[in-house]
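Numbering (our numbering), first residue to last: 233 to 471.
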């Protein structure tokens with residue numbers, strides 16, 4: 233772990249044992265018997281509690297007790313937000329290290345928020361990781377003005393049930409979506425086009441799609457843009 237990341241308050245290493253005994257034997261025994269209610273909770277409940285806070289703060293809990301030392305490596309919900317970091321390079325390093333140290337369990341929810349420039353390489357890392365770990369809910373909010381080609385990979389993710397994408401600059405999406413499990417799809421700042429035809433029927437393969445929201449999206453070179461899905465219940469279009 234880089235020292236810079238450690239100065240942000242994040243340390244992945246186990247604490248060194250204090251070699252100097254500053255308490256009496258009686259106090260030590262009393263501390264050992266003291267009930268740590270949070271540590272005694274089931275892993276599933278602790279994971280649920282951690283799902284409400286940024287992953288940076290979850291990792292910091294590893295210094296609280298031995299129980300928490302590796303608990304963060306199996307988090308089913310990951311929250312990455314640059315607002316909790318003083319500089320973007322530290323955020324990039326943190327995200328990379330969390331993903332490289334996490335175990336192979338399924339990712340239930342992944343939230344990624346970057347209020348400014350985001351490196352395409354980092355975006356690709358996050359998206360590939362989410363797909364490989366069968367993510368079910370994915371929320372990405374970035375205002376980068378650079379094209380992010382890796383976004384296209386998401387539209388062939390068979391595990392996704394809920395996908396929300398918010399972009400500050402138009403990002404291209406494929407002319408065919410293969411999201412068989414998707415139920416809720418929210419797109420903001422995306423561009424639809426079809427090089428082979430003037431017509432586009434984008435959502436016909438989203439057989440379970442019930443909720444569709446399109447905000448500030450555009451079509452390029454299209455005469456007909458069809459929205460059709462067998463299960464569609466709610467449709468919102470705005471600018």
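Glycine included, each C-beta is placed from N, C-alpha and C at the ideal position.
Query - 3 or more residues per run - each beta strand (DSSP E) lying fully within the region 365-390 - result: 369-374
Query raised in the report: Are the region 379-393 and the region 312-330 touching, with three or more C-beta to C-beta distances below 8 Å?
Result: no
Query raised in the report: What's the C-alpha gap between residue 412 and residue 365?
Result: If you number the chain shown from 1, residue 412 lands on position 180. If you number the chain shown from 1, residue 365 lands on position 133. Residue 412 and residue 365: Cα-Cα distance of roughly 17 Å.
Query raised in the report: Is the distance from the Cβ of residue 351 to the Cβ of residue 377 below 9 Å?
Result: Residue numbering aside, residue 351 sits at position 119 when the chain shown is read from its first letter. Residue numbering aside, residue 377 sits at position 145 when the chain shown is read from its first letter. No. Outside cutoff.
Requested in this report: Verify whether the separation of the beta carbon atoms of residue 468 and residue 441 is less than 9 Å.
Outcome: Here residue 468 is taken as the residue at index 236 of the chain shown, counted from 1. Here residue 441 is taken as the residue at index 209 of the chain shown, counted from 1. Contact flag unset, no.
Query raised in the report: residue 410 and residue 388 look like a contact to me (Cβ under 8 Å); what is the Cβ gap, rounded to whole Å?
Result: For the purposes of this step, residue 410 is taken as the residue at position 178 of the chain shown. For the purposes of this step, residue 388 is taken as the residue at position 156 of the chain shown. The pair is a contact, with the Cβ atoms about 5 Å apart (cut-off 8 Å).
Query - DSSP-derived helix/strand/coil call for residue 478 - result: In this structure the chain extends from 233 to 471, so residue 478 is not present and cannot be described.
**Report entry** 6 Å CB neighbourhood of residue 342 in its chain, flanking five on each side removed
**Finding:** Working through the chain shown from its first residue, we reach residue 342 at position 110. If we look at residue 342 and ignore the five residues flanking it on each side, its Cβ neighbours are 310, 362, 367 and 370.
Report task. Pull up the distance between the alpha-carbon of residue 358 and that of residue 340, whole angstroms please. Result -> What you label residue 358 is simply residue 126 of the chain shown in a count that begins at 1. What you label residue 340 is simply residue 108 of the chain shown in a count that begins at 1. Approximately 14 Å, taken between the alpha carbons.
Query raised in the report: In whole angstroms, what separates the C-alpha of residue 312 from that of residue 419?
Result: Mapped onto the chain shown, residue 312 falls at position 80. Mapped onto the chain shown, residue 419 falls at position 187. Taking the straight line from one Cα to the other gives about 20 Å.
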